[in-house]
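Undergrad: Residue numbers (our numbering): 260 to 476. Every residue gets a Cβ at the ideal spot worked out from N, C-alpha and C, and that includes glycine. All values derive from a computational prediction rather than experimental measurement.
#1: Among 335, 429, 421 and 437, which has the Cα closest to the Cα of residue 312?
#2: I'd like to know if the segment 301-311 and the segment 382-389 are in contact, where contact means that at least 3 CB-CB pairs between them fall below 8 Å.
#3: Have a look at 268, 431 and 391 and flag the residue whose alpha-carbon is nearest the alpha-carbon of residue 470.
#4: Under a Cβ-count criterion, where at least 16 other Cβ atoms within 10 Å of its own Cβ denotes burial, should residue 316 be classed as buried or exposed?
#5: Going straight from the alpha carbon of residue 300 to that of residue 326, what length do you get?
#6: Once you ignore the five residues that flank residue 314 on each side, which residues in its own chain have a CB closer than 8 Å to its CB?
#7: With residue 281 as the anchor, note down where its alpha helix (DSSP H) starts and where it stops.
#8: Rounded to whole angstroms, what's the CA-CA distance from residue 337 to residue 457? Just pull it up for me.
#9: Suppose the cutoff is 6 Å on Cβ atoms and the five residues either side in sequence are ignored; what does the same chain contact list for residue 432 look like?
#10: To the nearest angstrom, how far is it from the Cα of residue 276 to the Cα of residue 426?
#11: Among the residues of its own chain, which have a CB less than 6 Å from the CB of residue 466, if the five just before and after it don't count?
#12: Going by the CB atoms, is the gap between residue 285 and residue 249 shorter than 7 Å?
#13: Which one of 441, 264, 290 and 266 has the shortest CA to CA distance from residue 207?
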């Protein structure tokens, strides 16, 4: 492995692991069940795959170059994250959060409910990441920095993009499984409501920041 690739691996690992909307949604859904948490994690990785594919194809440059288009994506992403945050806050207030819903479904033996919950979690993970307007800018500015002079840009960029997605496929499911492992403690009513409320507050703030366009460039 060359020095640039090693450096990129470190940068990408930090970038993927930094807490944000993706991390918060994975933790929140993992409180419902292991399958919901892992599904959310896979959805996040799917969103990253979209962003890296756009960067490789050069289409992200269009998003960056057209302010109206960028702002539209920013509003959509912010509105969705804001919606998730407000939903979590309302669930925490009522005591009907993800953990409570999972326990109720388990008590009923509701397999269809679990299936629908997994699909919803997958969709939430994907949309939370795919509608993040900062991701195209990040990838568009980051990936070219690690293409050595004289190297063919496409194969190298594809490799870098694959590394990012692979790291996401390792990190986010690991987070989901850890939350599930600690689930007996985390799903205690008081603890679960605190986490639900904290997740809701974090998502609401992130969504508001995106909607108002106050996130630093």
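TA: Short version:
#1: 421
#2: Flag = yes, the segment 301-311 and the segment 382-389 touch.
#3: 391
#4: Exposed, by the Cβ-count rule.
#5: 30 Å
#6: 395, 398, 399, 402, 416 and 420
#7: 280-289
#8: 18 Å
#9: 297 and 300
#10: Cα to Cα, residue 276 sits roughly 9 Å from residue 426.
#11: 337, 340, 341 and 344
#12: Because residue 249 is not part of the residues shown, which for the chain are 260 to 476, the question remains open.
#13: Summary: the structure shown does not reach residue 207, with the chain confined to residues 260 through 476, and so no result is reported for it.
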